[in-house]
Amino acid sequence: MTQSGNPDQYEGAAGGWGSMQGIASVAGHAGIGVDALATLRTQNKPRGTMCSSCAYGKPAKPHPAEFCENGAKATLWDLTDARCTPAFFADHPVRALRALSDYDLEMEGRLTEPLRYDAQSDTYQPVSWTEAFADIGTRLRAMDPESTVFYASGKAALEPSYLYALFARIYGHNNLPDSSNMCHETTSVGLKEAIGSPVGTCVMEDFEHCDAIFCFGQNAGTNSPRFLHQLQQAAQRGCRIVVFNPIREQGLVRFTNPQSPVQMLTGQSTELACQYHQLRPGGDIAAMLGMCKHILAQPQALDRDFIDRHTQGFDTFVAKVESTDWAEIESHSGLTRAAIIEAAEVYLQSERVIGVYGMGLTQHVHGSQSVQMLVNLLLLRGNIGREGAGISPMRGHSNVQGQRTVGIAEKPELVPLDRLAELFDFAPPRKEGLNTVAACEAILERRIKAFIGLGGNLLRAIPDHDRMEAAWPDIELTVSVATRLNRTHLYPGRTAYLLPCLVRAEEDLQASGPQSVSMEDTFSHIHGSIGRRKPASEALLSEVAIVAGLAKATLAPNAKQPWDAWTADYAKVRDLIAQTYPDQFADFNARMFNAGGFYRGNPAREREWETEGGKARFMTPDTLTSLGIGDAPGRFHLTTIRSNDQFNTTIYGFSDRLRGLSGSRRIVMINRADMARLDLAEGDAVSLVCDADDGIDRRVDGLTVQPFNLPDGCVAGYYPELNPLMPLWYHDKASATPAAKGIPIRIEPAAAAA
Ligand SMILES: Nc1nc2c(c(=O)[nH]1)N[C@H]1C(S)=C(S)[C@@H](COP(=O)(O)OP(=O)(O)OC[C@H]3O[C@@H](n4cnc5c(=O)[nH]c(N)nc54)[C@H](O)[C@@H]3O)O[C@H]1N2
Ligand SMILES: Nc1nc2c(c(=O)[nH]1)N[C@H]1C(S)=C(S)[C@@H](COP(=O)(O)OP(=O)(O)OC[C@H]3O[C@@H](n4cnc5c(=O)[nH]c(N)nc54)[C@H](O)[C@@H]3O)O[C@H]1N2
Ligand SMILES: [Mo]
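The sequence shown begins at 1 in UniProt numbering and counts up one residue at a time.
So this is what it looks like as structure tokens:
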């Protein structure tokens, strides 16, 4: 394998016994009974429970154990025996709880009863569901709907998500931000503009036919470990995998398949990447442009017929590429011309190519242009819209893509409003709603009166954490639908409710009997999911029941909006989804348990381009770097990343096994040359200070220096601990996705910080 690098890094394979130990350690310390393991056996299998971790696809023919280390952790975490009861809250004022870490908060276990915040005693106290719904309904009715925000984290299934968006619109607004706004919104906007589809064009089988996979800024070993199986099979049949990532992520280098007894017993592993390019953060546009430059120099290599028939904007793009010189490309990408040509040669030698990407492309100020640059690269040889080729964003939350599909969108033009009007007898609001960044700005300006969160931990996940924490308690009403206690709950609005819900693996019993739900994976396949575990507490309600309860208490009665009947039988909600989106969801109830899910289709896969102009578009970049703020003396670019011992703000433990680190998450990873330049030693205490120069002091103190294999001028550390360093306005220009990967910072020794 070709690579650059230094020895400050774990060199073992991903998967293998380490992943088994990872699962066992969560099972051990999270208080999990043995019967929870029975749930794992059905995970991601037809008529089983769909994993609540990532959105990776579920195969029609599952492995005996179709789950990964992290999926198992997520399920076991949900099924803990620990309970966070009213007695706990009586003993712990909210201010005192703020001293606990994210890990400690969630370790208190599952929430068991609806709670209301009592300001006088500064505690959450039990309340009945009836009282909670009635009070929230009364308060919402008295507010201007446009001064309220209904947030969704990407986990709730299609049925509650559809009803949630419907509730918002009947109530009177499109303020429906979701976690996607911090994640793949760059894809929803950038990809849509270029190829007319807001989602990827690949399906899982494409990975059986491709000759090369180019992977940009996606860390499969940690964040979508089941993808390693496809990568392993691809590598074993000779498909070449080329990675662009500032960090040499072990999961993309080598993999021991925990499903393979031979590999497990012999310690063998499969080499995955044939080339690993540790580019500068934000260097992707330049690196891909360099590849295009090499390819365009060989006109016979282009798919001219495809370019002529299916694309527009080619000549402008070519002019830009030809007029950009190699010196610029090398300096912005941090890669040599030779390395870029080596990658381009793999592209040229491959008949069928897939481009995979994650947060390393999307979370940048020019992230949309990075995504579009990947499209440009693929279009040159017709690598979109045929088997074994395409663009494949790896989505995050298990139903984040599906939530958008069924109407959780702040952009009204993405939703068939006329059909909703007809089905439910109301006048849908047409005004554009607030996305996550706009909602945060409005909260900072004290313009938001109510915040409802269907899952998630928004206050922890957003930029400008410290400023947001100060503003949050001024919201008049906050309502969190949640499974566990998290930091957002510790900043209650003037009136605040915590509404505990079932998890996906638990039995959901309603008037018509046990219910199932459904979700969409990253390959646009829809899967049914059934929970069978006894709920953590008898007082829990399903997300459908909670959304319907809130809606009924808020909205005027209407015969076309039978919230109780929908709660009694979720099949009726699926019928509504099918009526709202007939092309994609026809026969929804009949198809939801198809092995491998059912495909809702994607015109771009068929080379039908729903773009302006009706063709796929070469989008000419106007920058060579996706960083929003360039270099300056003493400035570093911080990339915030995840460990394999966390799911977003849920921290399972303090190991980052695949990077060979453990013990603390309050670290700054930096290379030894930069350490020497700053006169820092391993273990030194430092502070990070945001270097955006807007007059606001953003800093995180008490971090420890950790030597690590990274490009010069680049440091890395963990999300969400470093979120106070991100300015809210530092986001992708086109989609407002916060730029969590190229934050300008300075490093201060602890003495200077004091
Ligand atoms: N175990 C686990 N699984 C998860 C999650 C989790 O927290 N834990 N979160 C879920 C969610 S919501 C999401 S969105 C996904 C996220 O999954 P990923 O998309 O993999 O996101 P990150 O962990 O943020 O890592 C992004 C990668 O981009 C690299 N990178 C940083 N800057 C750049 C750059 O400028 N260019 C390039 N080419 N690479 C760069 C980083 O080194 C890192 O390897 O995972 C999902 N799955
Ligand atoms: N610096 C930095 N910031 C980032 C990122 C980054 O890479 N760097 N990544 C961004 C990305 S990609 C994302 S997706 C966001 C994530 O932002 P969010 O989606 O808001 O955060 P999560 O940590 O996934 O939310 C966890 C909480 O959800 C609740 N929960 C868990 N399961 C369920 C359930 O089944 N139902 C309900 N109702 N609640 C449940 C629990 O109470 C838990 O505490 O963060 C973003 N923020
Ligand atoms: Mo995400």
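Backbone N, C-alpha and C fix where the C-beta goes; we use that ideal spot for every residue, glycine too.
Does DSSP put residue i in a helix, a strand or coil?
i: F618; result: coil
i: L624; result: coil
i: R430; result: coil
i: L688; result: strand
i: C202; result: coil
i: D679; result: coil
i: I452; result: strand
i: Q579; result: helix
i: E506; result: strand
i: L158; result: helix
i: A754; result: In this predicted model, A754 has a pLDDT of only 45, less than 50, meaning its place in the structure is not dependable; the value taken from the coordinates is given anyway. A754: coil per DSSP, three-state reduction.
i: L499; result: strand
i: L541; result: strand
Name, in chain order, the residues that DSSP records as bridge partners for residue i.
i: R123; result: Here residue 123 turns out to be Thr, not Arg, going by the sequence shown. T123 pairs with D118.
i: Q312; result: R617
i: E520; result: I526
i: T75; result: T75 is not bridged to any residue.
i: R746; result: V689
i: D656; result: L661
i: G717; result: T640
i: Q646; result: I651
i: M669; result: Q706 and A716
Report yes if the C-beta distance between residue i and residue j is below 7 Å; otherwise report no.
i: M373; j: I285; result: yes
i: N174; j: P463; result: no
i: T485; j: C84; result: Reading off the sequence, residue 485 comes out as Leu, not Thr. Result yes, Cβ atoms of L485 and C84 sit closer than 7 Å.
i: G190; j: P393; result: no
i: G251; j: A273; result: no
i: V686; j: P749; result: yes
i: I354; j: G390; result: yes
i: R617; j: Q312; result: yes
i: M50; j: S529; result: yes
i: P177; j: E410; result: yes
i: F150; j: I452; result: yes
i: I641; j: G597; result: no
i: E682; j: V715; result: no
i: M519; j: S398; result: yes
Measure the alpha-carbon distance for residue i versus residue j and round it to whole angstroms.
i: G16; j: E69; result: 10 Å
i: F89; j: R110; result: 13 Å
i: Q278; j: P711; result: 7 Å
i: H229; j: A74; result: 19 Å
i: L115; j: A132; result: 8 Å
i: P744; j: R605; result: 38 Å
i: A343; j: R574; result: 46 Å
i: S4; j: A539; result: With a pLDDT of 40 at S4, under the threshold of 50, the modelled position of this residue cannot be trusted, and the question is left open.
i: T256; j: R352; result: 26 Å
i: M288; j: H364; result: 16 Å
i: Q120; j: A156; result: 33 Å
i: D303; j: F314; result: 12 Å
i: V700; j: Q263; result: 43 Å
i: L459; j: V346; result: 43 Å
i: D206; j: K560; result: 43 Å
i: A736; j: P198; result: 15 Å
i: D587; j: N594; result: 12 Å
Is the beta carbon of residue i within less than 6 Å of some heavy atom of ligand 2?
i: L459; result: no
i: G358; result: no
i: T316; result: no
i: V503; result: yes
When you measure from the CB of residue i to every non-hydrogen atom of ligand 1, does any distance come out below 6 Å?
i: P720; result: no
i: P281; result: yes
i: F244; result: yes
i: F216; result: yes
i: E330; result: no
i: I641; result: yes
i: D583; result: no
Can you tell me whether residue i sits near ligand 3, meaning its C-beta is under 6 Å from at least one heavy atom of the ligand?
i: C202; result: no
i: C183; result: yes
i: G396; result: yes
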